[in-house]
Every structure is written in C-alpha cells, then in structure tokens.
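Colleague: Per the working numbering, the very first residue in the sequence shown carries number 574; after that it's consecutive.
Glycine is no exception: its CB is placed at the ideal position from the N, C-alpha and C atoms.
Please find one structure pasted underneath; my questions will follow.
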Amino acid sequence: PSASEDDIIGFAVETVTAAGGRPCPPLVLGVGIGGDFELCAELAKRALCRPVSERNGDEFYAGLERRMLQAVNATGVGPQGFGGSTTALAVNIEWYPTHIAGLPV
C-alpha cells in the first residue's frame, strides 16, 4: 500500500469540501504526513503554527503545499462557505519518515 501526491491532495480536498463552511473559511491548513498516528497529529499542529508566508524548507513539500493550496481553493467553498475562490490562505506541511504500509495524514 502506498499513497501518491494526488492521493494526499485528494484527501485534503475531500476533507475541506466535507467541512464546507463549518470551520469558517478562509482556512490555514496544517498537514502532518508520516510518523505514527500521534506524531502525525503533532506535526499538523506544528505546521498550523508556522507563519503563513513561510514555505517548507524541503522543495518537494513546498511544491506539495502549493499544489494542495491550489486544489483546495479550486473547490469553490469560499469564505464562510458562501462560495468563491479563496477557501484557504495557506497550506503548511510538516513531515516525518514512516513505513510505507501506514502513511498517516
């Protein structure tokens, strides 16, 4: 089992779309990838606390942040869930190595 970049982006888009206006967009998404389940949640919290203008230092994850932000904004959920092109202001990702059989996001 494995997850591709598109799978990870799709999971984020699905989650944001299902939440709709309940989290009161526009959002700042903190995403943790890897580690175990507990560390993944901690990584997401760390990512959420990173300044919105600061990209991940790893170019791969910085690119994933950009692509995920574009995909989330393409959902059209918009501010307060009323529709529009700004559903999220930033996506920040923190990561940690993990076994491929269990990729927590």
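Is it right to say I666 is buried, meaning 16 or more other beta carbons lie within 10 angstroms of its own, or is it exposed?
Modeller: Buried.
Colleague: What does the alpha-carbon distance come out to for the pair A661 and A614?
Modeller: A661 and A614: Cα-Cα distance of roughly 20 Å.
Colleague: Can you tell me the Cα-Cα spacing of G605 and F633, whole angstroms?
Modeller: Cα-Cα distance, rounded: 14 Å.
Colleague: Touch check for the region 616 to 630 and the region 574 to 588: three-plus C-beta pairs under 8 Å?
Modeller: Short answer: they don't touch.
Colleague: Are E638 and N629 close, meaning C-beta to C-beta below 8 Å?
Modeller: Taking 8 Å as the Cβ cut-off, E638 and N629 qualify as a contacting pair.
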